[in-house]
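Just so you know, the sequences run in chain order R and F.
Residue numbers 1 to 247, in the working numbering, belong to the letters of the first sequence in order.
Residue numbers 1001 to 1247, in the working numbering, belong to the letters of the second sequence in order.
All C-beta atoms, glycine included, are put in the ideal place defined by N, C-alpha and C.
So the structure is just underneath, and the comments pick up after that.
2 protein chains.
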Amino acid sequence: MQNGSGHFLPAVSIDNVIFGFHQNELTVLLLQAKSNQRWMLPGGFIGKEEDLDAAAARILTARTSLTNVFLQQFHVFGSAKRNRKEHLGEVLRTLGIELTAESWFMQRFITIGYYALVNYEQVIPQPDETSLTCCWQDVRKLPLMLFDHEHIIAKALQVLRLQLNYQPIGYTLLPKEFPLKSLQTIYETILGRKLDRSNFNRKLLSYGILEKKEKHYTGAAHKAPFLYSFREDMYFKALENGLEKDF
Amino acid sequence: MQNGSGHFLPAVSIDNVIFGFHQNELTVLLLQAKSNQRWMLPGGFIGKEEDLDAAAARILTARTSLTNVFLQQFHVFGSAKRNRKEHLGEVLRTLGIELTAESWFMQRFITIGYYALVNYEQVIPQPDETSLTCCWQDVRKLPLMLFDHEHIIAKALQVLRLQLNYQPIGYTLLPKEFPLKSLQTIYETILGRKLDRSNFNRKLLSYGILEKKEKHYTGAAHKAPFLYSFREDMYFKALENGLEKDF
DNA sequence: CCAAAAGTGTTAGGGGTACACCCATGT
DNA sequence: ACATGGGTGTACCCCTAACACTTTTGG
């Protein structure tokens, strides 16, 4: 990935917005650049003979060690000026790349945004060579970002909110078994507003994609909630066909 | 556009799915290739310093003579094999381009799909140098297409169906004044099913984006319907914020 | 016992669906 | 007059929002 001129498609990159869920907060996996301390999305380039989706999956796996996750293209960012900011110079200098106009990295880049929903606990964040660190950040308290990456995250969230109406969300964000309240909090965080517990449970259960398990023993001072799990057959069918709803 | 190596971004193209509406049918503007008689979407490339959306608009204007139309990015098609079919050889031969492996056109291309909704009557179809003709084709009776262009149209339609729930559709497809029945037929065509006339009228009028005009004098053997027009202020507000609806 | 959160139930209102009925117009 | 299609109204059903009440658990 350091010297892409030979192996990768020029002028196109991929940026992954990887969402996780931890302590009732929606988080994003970010890298901090060595060069200027700015934070950036895990991104990369597309092999000359590599399918687009495969490239996005490869990039995600490199930073998380996860495979087979929910990963979806959501928008292309194609402003001519998006990566021509003052940042680029700093980044390249640290990488030891000459700042000539012909540099492969100096060209104008279009980036294709993918978003992923992953299980926070299963991720082992791995920085790449250009980064100081790789870690989760609260979506609502983002640090100083590189280029237009803050805008990319905002767009990912916006699309995710719409998808919530059509796609079963949560399977890839939660452990195998979970209380319904966790799922509700995910929905509330994504939507940015409170939902009624009773109505939420009724609605989600009515889809028939959840299965009730045994009791939950928690240390909290309240009634122990039931655990649920996704019925995989129904879940994947719903992923394909959506959760009904149309004009 | 003939020899893009200097002026355009490599490896990325744009394809526009331009929808029009005529005689109660949804149509798409297509070009027929000189080389192999296959039909293709109006497409093109992105200038080295050109915004993505601007490139799509430029390509659309070149084929329709229209400006300021509803034009939206909807998907990226990035399979490594998508334009490597037997077609490519024929196309390049007719263009008089050598079939060397280094040819700018021989590289693998990612294409960004945009869809547009335009007023059929206002379009003056203009073929480009590589095409025999440029004309409208019924979406449900597509001719033999180049590459994966049939798939691109199918995806555009699928996205359009979803957008119908969130965006006010019709303003750019219809003349200034129109009977509600025309709008209903558009919805029915896009959705592929019949809608109840009474309910459709109530729903659309409830959005408050339509304005009732005078009577309609037609030669048909039935009651002359009212004409309506879009209230531009409300229309553009709805384009921004959607037509409500959430979880 | 009390607080907190899960589980369960009830009610009112809105919107969608499926009709029925009347009205205007051209043949 | 009659067929065609527009305009209007209505009854029903389901979904949702809002909220009340009970149950379980840890402190």
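- Around the beta carbon of F/Gly1113, 16 or more other beta carbons sit within 10 angstroms, so the residue counts as buried.
- In this structure, R/Ala62 places its C-beta atom within 8 Å of the C-beta atom of R/Gln126.
- At least 8 Å separates the beta-carbon of R/Asn16 from that of R/Leu52.
- Distance from R/Asp148 to R/Arg82 at the Cβ level is roughly 5 Å; contact confirmed, criterion being Cβ atoms closer than 8 Å.
- With fewer than 16 other beta carbons inside 10 angstroms of its own, F/Arg1202 counts as exposed.
- Within chain F, the C-beta atoms nearer than 7 Å to that of R/Ala80 come from Glu1049, Glu1050 and Asp1051, in chain order.
- With three or more CB-CB distances shorter than 8 Å, the region 1188-1195 of chain F counts as touching the region 1153-1169 of chain F.
- Comparing C-alpha distances from F/Gln1032 to each of F/Pro1175, F/Asp1138, F/Cys1134 and F/Asp1196 shows the shortest one belongs to F/Cys1134.
- Cβ proximity to chain F below 9 Å picks out Leu9, Pro10, Ala11 and Val12 from the region 9-42 of chain R.
- Nearest C-alpha to F/Leu1173 among F/His1222, F/Ser1229, F/Leu1144 and F/Tyr1166: F/Ser1229.
- If you check the CB distance, R/Val28 and R/Ile153 come in under 8 Å.
- For R/Glu50, there is no enclosing alpha helix (DSSP H), since its DSSP letter is neither H nor E.
- Judged by beta-carbon spacing, F/Val1012 lies within the 8 Å limit of R/Ile110, meaning their Cβ atoms are closer than that value.
- Interface with chain F (8 Å Cβ-Cβ cutoff): R/Ile112 is included.
- Taking the C-beta atoms as reference points, R/Arg197 is found no nearer than 8 Å to F/Glu1049.
- Scanning R/Tyr235, R/Trp104, R/His216 and R/Phe200 for the CA closest to the CA of R/Glu177 turns up R/His216.
- With fewer than 16 other Cβ atoms inside 10 Å of its own Cβ, R/Ala221 counts as exposed.
- Measuring C-alpha to C-alpha distances from R/His22 to each of R/Thr94, R/Ser35, R/Leu117 and R/Lys155 identifies R/Leu117 as the nearest.
- Under DSSP, the beta-bridge partners assigned to R/Ser13 are R/Phe45 and R/Thr111.
- Of all alpha-carbon atoms in R/Phe226, R/Pro175, R/Ala156 and R/Ser35, the one lying nearest the alpha-carbon of R/Lys212 is that of R/Phe226.
- Under the DSSP definition of a beta bridge, F/Asp1138 partners with F/Thr1027.
- Chain order gives the chain F residues near R/Val76 as Leu1052, Gln1073, Val1076 and Ile1112, where near means a beta carbon separation below 8 Å.
- Contacts between R/Arg108 and chain F, judged by CB atoms closer than 8 Å, involve Leu1009, Lys1048 and Glu1049 in chain order.
- Contact annotation: R/Ile14 and R/Gly44 have beta-carbon atoms nearer than 8 Å.
- Residue range Leu210 to Lys215 is occupied by the beta strand (DSSP E) that includes R/Glu211.
- The Cβ neighbour count for R/Ser131, taken over all protein chains shown within 10 Å, is at least 16; the residue is labelled buried.
- For F/Ala1057, the secondary structure class from DSSP, reduced to helix, strand or coil, is helix.
- DSSP lists no bridge partner for R/Ser198.
- Under DSSP, R/Pro179 takes part in a beta bridge, and its partners are R/Leu227.
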